[in-house]
Amino acid sequence: MAELVNLKECIVSGKLEDAKTIVNEAIAAGVEAQDIINNYLIKGMEEIGQRFEEGKAFVPNLLLAARAMKGCLEILKPLLKDASGTSLGTLVIGTVKGDLHDIGKNLVASMLEGCGFEVINLGVDISDRQFVEAVKKYNPQIVCLSALLTTTMNYMQNVIDTLAAEGLRDKVKVLVGGAPVNEEFAMRIGADGYSSNANGAVLLAKRVLQAC
1 MAELVNLKEC IVSGKLEDAK TIVNEAIAAG VEAQDIINNY LIKGMEEIGQ
51 RFEEGKAFVP NLLLAARAMK GCLEILKPLL KDASGTSLGT LVIGTVKGDL
101 HDIGKNLVAS MLEGCGFEVI NLGVDISDRQ FVEAVKKYNP QIVCLSALLT
151 TTMNYMQNVI DTLAAEGLRD KVKVLVGGAP VNEEFAMRIG ADGYSSNANG
201 AVLLAKRVLQ AC
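Going by the UniProt record's numbering, the letters in the sequence shown line up with residues 1 to 212, in that order.
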């Protein structure tokens, strides 16, 4: 449908109401919720993120885009959940200490929640002790660590080491992601998995749960 082509630009421009209207019309026309997310919403967020990195967009633009994305996901989430309504599992997610980036992390959290996970979003600048306390409190199957800076990505190792010191490492799967992170780094610090994008994070989370 022609209107759906404009959805990506609505996200980039932060036009919440226009984006929600297009999403509702697309659903009514029979477009799959996952297709809307994969082909328009995520691509819109990726574009605004790239513009930010290039100095062509600024923090207010990112916030408006994230607001539009969240509004659309709130419409789509019920269509993504399993018919049974039961949670696939509990997951704790946060951006590590010293890092204040949350757009990508929130996108991953929203995707995971929409696909049936119970998500505990701790926010940004989260210390190893805060992750440990969250694991003790919520008893998740998965802990997701995010870092957007090369100066903070190494803190992921601290979190994994502290989980081990507290006797919690074997009780959770640790997944990592973020712009400077890669598969080699994930293996080196002893993480259970790595994903470069939100879709991959959902598939990875489901896969590691099946391996439990």
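Think of the CB as a built atom: it goes at the ideal place given N, C-alpha and C, for glycine as much as any other residue.
What residues match up with residue i in a beta bridge as DSSP calls it?
i      : result
Lys173 : Ile142
Give me the Cβ distance between residue i and residue j, rounded to the nearest whole Å; I'm assuming they're in contact under 8 Å.
i      : j      : result
Leu91  : Val119 : 5 Å
Ser127 : Lys70  : Contact flag wrong, Cβ pair sits at about 26 Å.
Are residue i and residue j closer than 8 Å when you measure CB to CB?
i      : j      : result
Leu4   : Ile22  : yes
Ala191 : Val176 : yes
Ile48  : Leu62  : yes
Val135 : Leu100 : no
Ser20  : Tyr40  : One point to set straight first is that residue 20 is Lys, not Ser, in the sequence displayed. Cβ distance not < 8 Å, so Lys20 and Tyr40 don't count as in contact.
Val172 : Cys144 : no
Gly89  : Ile142 : yes
Leu80  : Gln34  : yes
Taking its Cβ as the centre, do 16 or more other Cβ atoms sit within 10 Å of residue i, making it buried, or is it exposed?
i      : result
Val198 : Before going on, a small fix: residue 198 reads as Ala here, not Val. By the neighbour-count rule (16 or more Cβ atoms within 10 Å), Ala198 is buried.
Lys137 : exposed
Asp102 : buried
Ala83  : In this predicted model, Ala83 has a pLDDT of only 41, less than 50, meaning its place in the structure is not dependable enough to derive any value.
Gly44  : buried
Gly85  : Because the pLDDT at Gly85 is just 49, under 50, the model does not fix this residue reliably, and the point stays unresolved.
Leu195 : Position check: residue 195 holds Ser in this sequence, whereas Leu was assumed. So Ser195 ends up on the buried side.
Val12  : buried
Val174 : buried
Ala68  : buried
Thr152 : buried
Lys56  : exposed
Phe58  : exposed
Item to check | Segments of 4+ residues assigned as alpha helix (DSSP H) that fall wholly inside the UniProt domain "B12-binding" (88-212) | outcome: 103-114, 128-138, 155-165, 183-189, 198-210
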